[in-house]
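So the sequence shown is numbered by my numbering: it starts at 54 and just counts up by one. From the three backbone atoms N, C-alpha and C, an ideal C-beta is built for every residue, glycine too. Quick caveat: nothing in here was measured; it's all calculated off a predicted structure. Read through the structure below, which is laid out as structure tokens, and then see the notes.
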Amino acid sequence: MRHPELAAWLQEHRESLIALCEQGEAVDVTLIYNILATARTGRVDQLDSTIGQAAYRAVGQEIPLDRLLRKPQRIKEVIWEELKRDELPPPQTLALIEAAEPIFSRISQVAMRSYFEASQQMQDVLASEIARLHGESERRVMDRTADLARANIELSKLEKARTDFISIAAHELKTPLTLIQGYTNMLHEMGLEGDGVAGSDHIVEGILQGTERLSAIVEDMLDVSVIDTNALSLRIEEVPLSHAVSLVVGQNAHTIGERQLIVHVGDVDSLPSIQFDARRLHQILTHLLNNAIKYTPDGGEVFVEGRVVSGDHAETGGGQFVELIIRDTGIGIAPEDRERIFEKFYRVGKSTLHSSGQVKFMGAGPGLGLPIARGLAEAHGGRLWAESPGHDEINCPGSTFHLVLPVRAIPKPGITVTWVESPARGEDQGGAS
Ligand code: ADP
């Protein structure tokens with residue numbers, strides 16, 4: 054009987070067999086177990102196909118048997134030869150199995166351990182690779198963020214330099230301009246009293262007009278700089294909108310007549326009073342009406358309408374608002390300019406084509422009117438935007454400006470507000486801030 058010898062052999066080569074399998078792969082263990090399983094049933098003739106099936110299951114694909122069995126070749130050879138030669142009856146097979154079992158269970162443990170170690174290693178490699186990629190992308194994002202932050206700082210420096218320049222230039226111009234205006238007024242009065250130089254009246258008149266225009270531009274520059282730096286100071290009171298509208302229309306009556314324009318004012322009398330800085334409201338309406346006049350050819354029409362906008366109106370986001378709509382039959386605004394015209398110093402077309410006339414057709418100014426108007430509206434919690442089918446100086450599609458103002462002012466945080474008491478004001482409005 055060879056099986057006791059086989060058992061002895063297995064016993065003897067226990068360690069080297071284990072070592073052999075330690076170098077091998079998990080699939081080897083599966084194969085050996087299958088050899089033993091076949092031995093258990095005594096179906097030696099099926100051994101080859103059993104090995105093949107096990108190999109297939111283990112690796113999921115058909116590969117040559119000898120490649121799979123290279124490592125535990127020795128084990129296979131021994132078991133194979135012995136089983137075939139002796140055709141062991143079941144009890145003897147059992148003895149063989151009993152002798153081999155401890156070795157194979159140990160082999161199994163080793164193989165399982167190395168399998169887990171390998172997968173653990175693989176997981177570690179993957180985890181460290183993921184961590185490396187994550188770290189790298191995080192570093193790139195941080196680098197990019199730092200670049201953007203630097204660019205932002207540069208931009209804010211440039212913007213601040215621009216605002217500082219406007220403010221300094223306006224202040225520097227204001228003092229000599231006031232002097233010129235003072236002396237010109239004196240000359241004008243001397244002329245009225247007969248003490249002036251003969252024939253100088255129209256010259257003095259011209260200087261006065263020029264200095265007034267220059268003074269308005271300097272005032273606009275100062276306004277733009279206080280809006281930009283959030284240094285506005287508002288004096289908020291109850292202002293009847295209808296009064297504010299008719300005042301501005303009335304002040305432009307002469308130009309409107311001269312330019313043969315028709316200005317239709319809708320039912321603004323029914324509009325409620327709003328909490329606003331009256332001087333600033335006048336400024337906004339003047340800019341909007343002046344523009345409607347300036348950019349509408351002679352004989353055109355301007356419409357001023359108003360309505361109360363309910364709190365749930367999508368544009369307003371809550372509270373009660375009044376919307377003033379200033380529509381003209383003028384040259385219109387191209388889609389790409391609809392927002393840009395609210396940027397300071399932005400003017401459509403070539404700046405050299407513009408004259409400095411305040412209400413002359415297309416006699417644009419320095420491009421500060423709309424940024425000031427929007428800045429002042431927003432300072433009170435309002436909004437201003439433009440709509441137009443496009444720009445066409447021949448067919449004149451017209452423009453519409455929407456000015457939405459809160460009935461109860463919502464001053465922008467940070468600006469100085471003085472609340473002027475009025476009987477119409479509710480108790481819940483708080484004092485000066
Ligand atoms: P400006 O002093 O040049 O009028 P604004 O800021 O008031 O400056 O306007 C900026 C530009 O917006 C104008 O130069 C003009 O091109 C355009 N614009 C303003 N209002 C109208 C309007 N009602 N119709 C057509 N274009 C307009």
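Under the 10 Å beta carbon count, K397 is surrounded by 16 or more other beta carbons and is classified as buried.
When DSSP assignments are scanned along the region 189-270, no uninterrupted stretch of beta strand (DSSP E) that is 3 or more residues long falls wholly within it. Nearest to G352 by alpha-carbon distance, out of L377, D445, H317 and R312, is R312. Under the three-state reduction of DSSP, V301 is assigned to helix. A buried status is given to Y348, since no fewer than 16 other beta-carbon atoms sit within 10 Å of its beta-carbon. Around the beta carbon of E207, a 10 Å sphere encloses fewer than 16 other beta carbons of the protein chains shown; the residue is thus reported as exposed. For the 7 Å CB-CB criterion, R360 and T453 do not form a contact. Assigned with DSSP and collapsed to three states, Q173 falls in helix.
Our two residues, W438 and H340, have alpha carbons roughly 13 Å apart in a direct line. In terms of Cβ geometry, I327 and W472 do not form a close pair [threshold 7 Å]. For R391, the shortest C-beta to heavy atom distance toward ligand 1 is 6 Å or greater. Not one heavy atom of ligand 1 is found less than 6 Å from the C-beta of I256.
The region 269-284 and the region 222-240 touch, with no fewer than 3 CB-CB distances between them shorter than 8 Å.
Cβ contact annotation for I386 (same chain, cutoff 8 Å, sequence separation greater than five): I394, V401, A439, S441, G443, H444 and S452, in chain order.
By the CB criterion at 7 Å, A462 and G434 fall inside the cutoff. In the displayed model, E182 falls within a helix according to three-state DSSP. Set against 6 Å, the gap from the CB of N344 to the closest heavy atom of ligand 1 is smaller.
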